[in-house]
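Working notes, structure below.
Residue numbers (my numbering): 53 to 622.
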C-alpha cells in the first residue's frame with residue numbers, strides 16, 4: 053500500500069533481550085502519529101528534557117525517566133579496555149585502539165554505538181570520540197539488553213542534531229519470536245539537540261515497529277524510516293513451513309511539524325518473495341517460523357526525490373517512486389517473477405551480496421558496503437562467503453542497464469564481515485568505512501584501494517576492544533554545548549592536591565582554570581590555564597585548600613562553563 057500527499061543486524065549475531073519501552077504508535081495517513089510509551093513518552097512529539105536538571109553521567113538528562121535500569125549494569129569485561137574517570141565514575145565507555153593514524157586533518161569526531169552479543173567491554177551506548185580515540189560524549193543505554201544503532205549527525209530545523217535508534221533486537225535462544233535482529237515492538241528513534249536534550253522521538257504507526265536500520269531527516273521537515281511487522285503466510289510453496297510467517301518491512305514518512313503520516317510503502321506488496329537469497333527453509337521454530345525474506349538495511353533519497361532501499365537478502369537495491377510507490381529500477385539481485393522494472397546487472401567484479409548502506413552519489417553513482425557474507429542455509433548454518441568484504445562505488449548506467457566498479461576500499465588485513473557495515477563519503481572525497489560486526493572502522497583516501505593493494509591509501513584504522521562492534525561508524529563535524537555543568541573532584545595525597553575536571557559532551561573546552569580557597573565563597577585562581585587532555589584532565593595544584601572549583605575555557609580563553617564548588621577529599 054502507498055499513501056502519499058502530492059534507512060543492522062543480519063542473522064549471524066545472537067543478542068540478549070528484554071522488551072524495549074517505546075510502544076508502537078497508531079494512526080493513519082493524515083492523522084496524528086502519536087502514542088504513549090515508556091521510552092517514547094509521546095511518540096513523534098517534542099520531548100525536551102532540560103539537561104541542566106540532572107547529571108551528565110551515564111544516567112544522563114536525556115535518558116527517559118521511566119528507563120529505570122542502571123546504566124552501569126551494562127558494564128563488564130576487562131577494565132583495561134574500558135575508560136574509568138574520577139569525575140564520572142558511572143561512565144565506562146570502551147577504549148578504542150588507534151592502529152593507524154596518517155590523517156593530515158584531525159578535525160571532526162567519530163560517531164559509533166558500540167555493542168557486544170555477549171559480555172560487553174565497558175558500557176554500550178551512543179559514543180562520540182575524537183580522532184585520537186578520546187571520549188567526548190558518552191551516554192550508556194538504560195540496561196544490559198537495549199541497544200543504540202545508526203548514531204550520527206543530521207540536520208533538523210536548520211540545525212545539527214544527533215539521531216539514533218533505541219530498542220532491543222530479536223535473537224535466540226532467549227527470544228524466539230522473530231528472525232534474529234528484527235526490532236522488538238516498542239523501539240523508536242531519538243533526536244538530540246546540541247545540548248544533548250531529546251527534542252523529538254519518532255515511532256512507527258499503523259501496527260508497524262520502527263526498524264533499527266535507518267532514519268533519514270529530510271530537508272522538507274519529514275522523517276523517513278524503515279518499519280517491520282510479521283504477516284502470516286503459507287510458505288510451503290517456497291520450501292518453508294505451511295504455518296509460517298513473512299518478516300514484512302515497509303517505509304514510513306512522518307511530517308515532524310504536524311506528526312502526520314504522509315507516505316507509506318509495503319515491500320510485501322511490491323517485491324517478489326521468489327527473488328530472495330534467504331531460503332524459506334530457514335524459517336523454523338528457532339525464530340517462530342518467520343522467514344526473513346527481505347531484510348532491508350538502508351534508505352536514501354535520490355536526485356529526483358526517489359528512494360533507494362537496500363534489501364540485504366535480495367542482494368539488491370530498489371529505486372522507489374515516492375508518489376506512486378512503483379519500483380523504478382533494481383540494482384543487482386535476480387528477477388524470477390513478472391517484474392516490470394529494469395534490472396541493472398553489474399559486471400562480474402561489481403556484483404555484491406548481503407550488502408549495507410546504499411547511497412546515491414549524484415545521478416550515476418551508487419556507493420555501498422559489500423559484506424559478501426553470509427546468509428542462513430536450510431540447515432541453519434551460515435552460507436559460504438561470496439568474496440572479501442569491501443567498500444564499493446559503482447558507476448551506474450540506467451540506459452544500458454549496467455554497472456561497473458568505480459572504486460573499492462579493502463581492509464588490511466582482509467575481513468569477512470557477516471553482518472552490518474557502512475560506507476560514508478567525506479567532504480574531501482575520502483571514504484570512512486565501518487566494518488560492522490568486525491571490530492574496526494577506517495578512513496581511506498579518495499581513490500580507495502584494491503584487494504591486491506589493501507595496505508595502500510588506508511589512512512586511519514581503529515579497533516574496538518573485546519567482542520565490541522558498531523553497526524555503523526561515521527565521521528563528522530559537531531559542536532556540543534552541554535547545559536549541565538562541568539564536573540570536578542579534588543584529591544589530596546601526600547601533601548599534593550590533584551584536581552580532576554571533565555565536561556561530558558563539550559567540544560569547545562580547550563583548557564581548564566582552577567580556583568581554590570578556604571571557603572566556598574572565597575575562591576581565587578590558582579591555575580590560570582591548564583590545557584585539556586582527553587575526556588578528563590588532571591591538574592596538580594600548588595599549596596593546599598579546603599575547596600576547589602574549575603572553569604572551562606574555550607580557544608579564546610573565555611569561560612564557557614563553571615563547575616560546582618567541591619571540598620577536597622583525601
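By construction, the Cβ of each residue, glycine as well, lies at the ideal position given by its N, Cα and C atoms.
What does the Cβ neighbour count give for residue i, buried or exposed, with the cut at 16 atoms within 10 Å?
i, result
"residue 192", "buried"
"residue 403", "buried"
"residue 369", "buried"
"residue 348", "buried"
"residue 75", "With a pLDDT of 40 at residue 75, under the threshold of 50, the modelled position of that residue is not reliable, and the figure given next carries that caveat. The residue is buried, with at least 16 neighbouring Cβ atoms inside 10 Å."
"residue 400", "exposed"
"residue 130", "Note on residue 130: pLDDT 49, under 50, position unreliable in the model; the coordinate value appears next. Exposed, because fewer than 16 other Cβ atoms sit within 10 Å of the Cβ of residue 130."
"residue 377", "buried"
"residue 392", "exposed"
"residue 110", "Because the pLDDT of residue 110 is 32, which lies under 50, any placement of that residue in the model is unreliable, and the number read from its coordinates should be weighed accordingly. It is buried - the Cβ of residue 110 has at least 16 other Cβ atoms within 10 Å."
"residue 207", "exposed"
"residue 210", "exposed"
"residue 350", "buried"
"residue 574", "exposed"
"residue 309", "exposed"
"residue 312", "buried"
"residue 314", "buried"
"residue 398", "buried"
"residue 283", "exposed"
"residue 481", "exposed"
"residue 459", "buried"
"residue 364", "buried"
For the beta strand (DSSP E) that contains residue i, what are its first and last residues?
i, result
"residue 603", "599–605"
"residue 441", "Unbroken run through residue 441: none, as it is neither H nor E."
"residue 475", "474–477"
"residue 303", "297–307"
"residue 372", "368–372"
"residue 214", "211–219"
"residue 380", "379–383"
"residue 240", "240–244"
"residue 527", "526–528"
"residue 322", "Careful: residue 322 lies outside any beta strand (DSSP E) and carries neither H nor E."
Find the nearest neighbour of residue i within the set the options, judged by alpha-carbon distance.
i, options, result
"residue 289", "326, 178, 168", "326"
"residue 427", "345, 147, 620, 558", "345"
"residue 294", "232, 333, 262", "333"
"residue 572", "617, 605, 277, 491", "617"
"residue 230", "190, 249, 263, 299", "299"
"residue 235", "502, 183, 222", "222"
"residue 179", "520, 561, 543", "520"
"residue 232", "330, 339, 201, 355", "339"
"residue 219", "237, 205, 207", "237"
"residue 405", "202, 378, 441, 200", "441"
"residue 157", "495, 258, 267, 574", "495"
"residue 529", "141, 152, 188", "188"
"residue 242", "478, 203, 477", "203"
"residue 383", "174, 176, 543, 418", "418"
"residue 468", "287, 484, 491", "491"
"residue 390", "583, 283, 323", "323"
"residue 435", "329, 387, 414, 205", "329"
"residue 139", "500, 555, 484", "555"
"residue 413", "380, 321, 355, 565", "355"
Would you say residue i and residue j are within 9 angstroms of each other, going by their C-beta atoms?
i, j, result
"residue 296", "residue 343", "yes"
"residue 592", "residue 540", "no"
"residue 589", "residue 601", "no"
"residue 362", "residue 409", "yes"
"residue 471", "residue 423", "yes"
"residue 353", "residue 276", "yes"
"residue 522", "residue 486", "yes"
"residue 561", "residue 430", "no"
"residue 217", "residue 240", "yes"
"residue 557", "residue 186", "no"
"residue 497", "residue 475", "no"
"residue 559", "residue 280", "no"
"residue 448", "residue 396", "yes"
"residue 257", "residue 304", "yes"
"residue 250", "residue 262", "no"
"residue 455", "residue 506", "no"
"residue 570", "residue 542", "no"
"residue 177", "residue 145", "yes"
"residue 155", "residue 511", "yes"
"residue 563", "residue 619", "no"
Between the region 574–583 and the region 531–538, can you find at least three pairs of beta-carbon atoms closer than 8 angstroms? The count of Cβ pairs closer than 8 angstroms, one atom from the region 531–538 and one from the region 574–583, stays below three, leaving the stretches out of contact.
Contact between the region 164–182 and the region 509–519 (3+ Cβ pairs under 8 angstroms): Because the criterion of three Cβ pairs below 8 angstroms is met, the region 164–182 and the region 509–519 touch.
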